[in-house]
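Participant: First residue of the sequence shown: 43, per the working numbering; consecutive thereafter.
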Amino acid sequence: MTGQLKQDMPPKKRGKKPKQHCIAEKTGVTRVTGVTANNGEASNGNTPNHDGVTRVTAISLDASIDPTTTPPDAFAAKPAPTINERPCYRCHGDFWQDAGGKVHHSGVWYHSLSKGEDTKPVDVWVCGEMHIDAVARDKAARSFGQVLRFKNKLHQWQVWNMPMRLLAGRGDELLKELLDMGLDFNYQKRSQIAAYISSVKPDKTIWTASQVGWFDDSNSFVLPDATVGKEADNILFQTESNNHQEYRAVGSLDAWRTEVAALCAGNPLLMFTVSTAFAGTLLKPCYMDGVGFHVFGESSRGKTTGLKLAASVWGEWGKYKRVWKATANGLEGAAALFNDGLLTLDEIGDGDPKEISDALYMLGNGSGKQRADVLGNAKAVKTWRVAVLSNGEKTIEAHLAQKGLPIKAGQSVRFLPLPLFGQYGAFDELHGYPDGGGFSDAIVKNAAKQYGTAGRCWLEKLAHDPATLAACPSRLDGALTRFTERFGGLAPQETRAAKAFALVGMAGELATDYGVTGWEGGAAFDAALMCFARWRDYRGKGDTEPQQIKGAITAYIEAYGDARFTSILDDSRLHGERSGYWRDTHQGREWLLTGTGLKQAAKGFDVKQVEAVLKAAGWLLPDSQGKTKQVAKFKNNESGVSRFYVIRLYADEQPHDGNTGNTAQNPRVTATARAVTGGNTGNTSNTGKDSNTIPIDDKGRI
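1) For LEU504, which of GLY170, ILE248, THR323 and GLU358 has the nearest alpha-carbon?
2) In chain order, what residues of the same chain have a beta carbon less than 7 Å from the beta carbon of LYS345, not counting five sequence neighbours either side?
3) On the three-pair Cβ rule with 8 Å, is the stretch 231-240 touching the stretch 262-269?
4) DSSP on THR754, reduced to helix/strand/coil?
5) Taking the DSSP output, what are the residues bridged to ALA176?
6) By DSSP, does TRP356 sit in helix, in strand, or in coil?
7) Just to confirm, are VAL168 and VAL177 a CB contact at a threshold of 9 Å?
8) Following the continuous beta strand (DSSP E) through VAL333, name the residue where it begins and the one where it ends.
9) Leaving out the 5 sequence neighbours to the left and right, which residues in its chain are closer than 6 Å to HIS92 when beta-carbon positions are compared?
10) Is the stretch 379-394 touching the stretch 240-256 in the sense that three or more CB pairs, one from each, lie closer than 8 Å?
11) Once DSSP output is grouped into helix, strand and coil, what is the label at GLN535?
12) With distances taken Cα to Cα, identify the nearest neighbour of GLU562 among LYS657, PRO310, TRP624 and LYS592.
13) Give the list of continuous alpha helix (DSSP H) stretches no shorter than 4 residues that lie fully inside the stretch 238-301.
14) Looking at LEU278 and VAL164, is the spacing between their C-beta atoms short of 9 Å?
15) Under the three-state reduction of DSSP, which class applies to ASP613: helix, strand or coil?
16) Write down the C-beta distance between PHE676 and ILE610 rounded to the nearest angstrom, noting that I regard them as a contact closer than 8 Å.
17) Who does PHE607 pair with in a DSSP beta bridge?
18) If ALA570 sits next to VAL546, beta carbons under 8 Å apart, how far is it from one beta carbon to the other, in whole angstroms?
19) Helix, strand or coil: which one does DSSP assign to LEU662?
20) At 4 residues or longer, and completely inside the stretch 552-600: list those alpha helix (DSSP H) runs for me, N to C.
21) Is DSSP giving ARG757 helix, strand or coil here?
22) Thinking LEU431 and THR386 are a contact (beta carbons under 8 Å), I'd like their distance in whole angstroms, please.
23) Using a Cβ-Cβ cutoff of less than 6 Å, which residues in the same chain neighbour VAL270 once the five nearest sequence positions on both sides are dropped?
24) Taking the runs of the alpha helix (DSSP H) that are 4 residues or longer, which of them lie wholly in the stretch 455-508?
25) What residues in its chain sit with their C-beta under 7 Å from that of LYS424, if we drop five residues either side in the sequence?
26) Cα-Cα, which of GLY187, GLY170, GLU632 and ALA420 is closest to GLN280?
27) Residues in its own chain within less than 6 Å of VAL558 by CB, not counting five upstream and five downstream?
28) Just to confirm, is the Cβ distance from PHE607 to TRP577 under 9 Å?
29) Determine, using beta carbons only, whether ALA674 and VAL652 come nearer to each other than 9 Å.
30) Measuring alpha carbon to alpha carbon, tell me which residue in ALA594, LYS669 and GLU587 is nearest SER454.
31) Just the Cα atoms here: how many angstroms apart are GLY752 and ILE390?
32) Strictly by DSSP, which residues pair up with THR386?
33) Please identify the residue among GLU219, LYS181 and ALA210 whose C-alpha is closest to the C-alpha of ASN194.
34) Per DSSP, what kind of secondary structure is SER341 in: helix, strand or coil?
35) Taking the C-alpha atoms as reference points, what is the distance between PRO129 and ASN284?
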């Protein structure tokens with residue numbers, strides 16, 4: 043019998059394997075069903091303990107025969123299909139015996155009959171053991187799939203929700219993926235693998251999830267290799283490639299708490315970045331599209347260390363991270379992959395400013411481009427909800443400015459700029475290490491050994507806590523109230539930013555309540571309040587558009603005050619583009635901008651909006667009838683036909699921290715004020731007494 047078996051088995055399975063590889067002899071558990079998070083460890087019957095997160099359903103096979111070894115002399119072999127049952131495919135989990143008494147190894151076999159009058163049974167091995175456990179489909183009765191469960195060449199079980207569309211054509215893409223996953227197969231009969239899969243009609247049906255994140259309204263969270271929640275057994279992630287290593291877990295939650303999370307104590311910026319990793323899963327319960335934070339500062343000061351810490355909540359940094367050096371389409375795919383989670387984008391300086399500008403709104407809005415198929419029909423648009431952590435030496439605004447690209451208020455409020463702060467770069471408490479570099483190295487080393495377990499434990503707690511999920515909107519409102527109590531009345535854009543910071547603080551506190559972080563209660567929210575204060579100090583109070591508009595006007599005059607403007611006393615003509623004139627008054631210098639000049643100075647903004655902002659700031663001087671333009675008669679405009687926007691810079695008296703209108707606190711603006719308000723040239727006379735004409739004395743002043 044042994045000799046017959048060796049002749050029939052593939053070359054790699056001949057002979058008896060060492061005893062330590064005999065799963066049944068070692069543990070008695072050889073089959074794992076359902077969705078499991080085995081983290082790539084060998085199937086030795088022992089599943090790693092990730093604090094109650096990993097879910098394994100096992101079938102005891104103590105009495106079965108290990109199909110990878112030579113069978114014993116006496117065992118109850120399963121019979122081959124009868125003549126009437128052929129042709130057919132059959133998956134044998136153990137050794138089986140044909141009609142002639144010959145023993146064959148396990149796997150998928152094609153049982154047929156020979157041609158001619160004297161038909162005889164023909165048995166051909168197709169591939170290793172493969173079971174088709176269920177039919178999968180989405181809520182729209184599309185995206186059908188077959189749930190494959192098979193052993194690879196290392197005898198580890200693999201589970202894949204295979205899209206049915208891979209069976210179209212010759213099935214080459216299907217075969218490539220199966221081979222990449224380690225399926226053992228008969229090369230001459232490889233085309234029959236697709237036929238076998240197609241022939242099986244499972245009784246069980248499950249739901250297909252096309253992306254990671256919360257599935258429908260089931261309170262179940264889908265990961266590439268597992269589903270967490272009460273409906274976990276009935277939902278499975280579907281992808282054309284089963285090679286998703288982003289959410290791999292290694293180590294234990296206890297070790298992550300003591301070796302990684304504990305180092306955040308006393309370091310509010312680090313605590314905030316780690317809390318952001320938990321915030322993505324709260325976006326849907328809080329009815330938010332997304333949040334984004336861009337940490338910027340000098341090189342080698344701990345920016346990337348913070349991102350590595352945050353990524354360790356979900357997976358290994360090397361496989362989890364994404365970079366700005368990508369196209370907008372590539373970033374769209376990355377956002378969809380990390381739906382309801384954390385997207386880390388490292389080093390904005392490596393990215394193309396145009397691609398980044400296109401991606402900013404897209405990432406924040408949670409929706410990709412509308413595309414068409416070859417027939418011109420609209421394809422389904424990718425959507426997501428994601429918390430984004432970005433970093434770089436420059437702000438996003440400064441990076442885009444390198445290519446002359448402005449940043450809109452909507453873009454800046456979706457990616458909140460957060461300057462690096464701390465006594466040692468991003469750190470305040472070094473936990474006994476001699477310097478910031480040594481502390482950073484320790485964090486990175488620990489995060490490379492312990493990762494992924496915190497995120498799975500967080501999901502396990504959250505997915506089984508429907509009361510907390512339902513209460514998320516009210517809890518967020520309460521958290522936002524603490525911001526208004528701390529910082530007073532907030533402008534609309536400040537309120538939106540505060541809501542993002544409040545969500546992160548709430549997530550950190552909830553993770554602490556669940557026992558995931560090990561931090562003291564209140565520490566995560568205090569870190570969020572501190573980071574909001576740093577953001578506000580850098581950006582300035584109030585909404586962004588007024589600051590941007592006044593900054594644009596100031597910068598334009600600063601750049602072109604001598605080239606595109608001349609004094610009203612100067613009758614010489616410019617040989618280039620003219621934006622207007624200037625004149626000195628007792629209150630300071632005034633700039634008379636043409637309509638075209640104002641549009642150039644505030645390019646990208648609506649003219650009516652510019653007028654309203656400048657008028658509210660006291661920069662725009664209306665005429666006696668309240669009109670935004672004035673008539674000014676002088677040598678080059680004696681007819682008084684042309685009307686001008688009369689702008690006096692820095693007329694608003696209310697201080698605005700970080701605002702271009704704050705001459706007391708903004709050195710750049712103060713210098714500009716000195717540059718544009720000094721000097722006087724020539725003589726002039728009063729050229730008219732029109733009610734809308736400003737009289738000028740003999741020194742060119744009003």
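Backbone N, C-alpha and C define an ideal beta-carbon position, used for all residues, glycine too.
Predicted model, so just to flag it, every value in this text is computed and none were measured.
Facilitator: The structure says:
1) THR323
2) VAL337, GLY339, ASN433, LEU462 and ALA468
3) no
4) Given a span of 43 to 744 for the chain in the structure shown, any question on residue 754 remains unanswerable.
5) VAL189
6) coil
7) no
8) 332-338
9) Its pLDDT being 40, under 50, HIS92 is placed unreliably in this model, and the coordinates cannot settle the point.
10) yes
11) helix
12) PRO310
13) 295-301
14) no
15) coil
16) 4 Å
17) GLY622
18) 5 Å
19) strand
20) 565-581
21) The chain is shown from 43 up to 744; residue 757 falls before or after that span and cannot be answered.
22) 5 Å
23) PHE263, LEU501, GLU502 and ALA505
24) 478-491 and 495-505
25) GLU374, ALA378 and GLY410
26) GLY187
27) ALA496, CYS499 and TRP500
28) no
29) no
30) GLU587
31) No information on residue 752 is available, as it lies outside the stretch 43 to 744 that the chain covers here.
32) LEU431
33) GLU219
34) coil
35) 32 Å
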